[in-house]
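Taking it in order: structure first as structure tokens, then the write-up.
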Amino acid sequence: MSRTAAAAARAAVEWAERAENAFSVASVRRAEGDAVIERRGPRSESEGWYEKAETAEREGGTAAAMASMWADVAGVLHLVDGGEPQ
């Protein structure tokens with residue numbers, strides 16, 4: 004694997020880690036919103052947590068898409084470096 008393909012593969016891993024972290028943050032924020040509801044806290048507070056969770060989920064979706072794109076780039080570069088199988 005060339006350095007370029009390896010760099011693309013590393014980028015894919017980094018974006019996948021960002022996606023995983025964002026989805027974890029979203030889960031925590033959603034749980035915080037649920038906790039506010041359970042203790043009968045202000046609706047605006049729970050809505051704030053849910054909005055933060057949705058933002059984190061969108062960020063996670065973007066990061067997952069970027070991870071997929073970089074994995075595709077790494078695969079193509081690997082094929083180009085190795086030439087076509089004969």
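The C-terminal position of the sequence shown is numbered 89 in my numbering, with every residue numbered one higher than the one before it.
Note that the Cβ used here is the ideal one computed from N, Cα and C, for glycine as well.
Three-state secondary structure assigned by DSSP to residue i
{"i": "Gly85", "result": "helix"}
{"i": "Ser1", "result": "Absent from the structure is residue 1, since the part of the chain shown begins at 4 and ends at 89."}
{"i": "Arg46", "result": "helix"}
{"i": "Ser5", "result": "coil"}
{"i": "Ala10", "result": "helix"}
Within 9 angstroms, strictly: CB atoms of residue i and residue j
{"i": "Asp84", "j": "Ser5", "result": "yes"}
{"i": "Ala29", "j": "Gly51", "result": "no"}
{"i": "Ala56", "j": "Arg21", "result": "no"}
{"i": "Ala12", "j": "Trp73", "result": "yes"}
{"i": "Trp18", "j": "Ala70", "result": "yes"}
Residue i versus the options, residue with shortest Cα-Cα distance
{"i": "Gly36", "options": "Ala25, Glu48 and Phe26", "result": "Glu48"}
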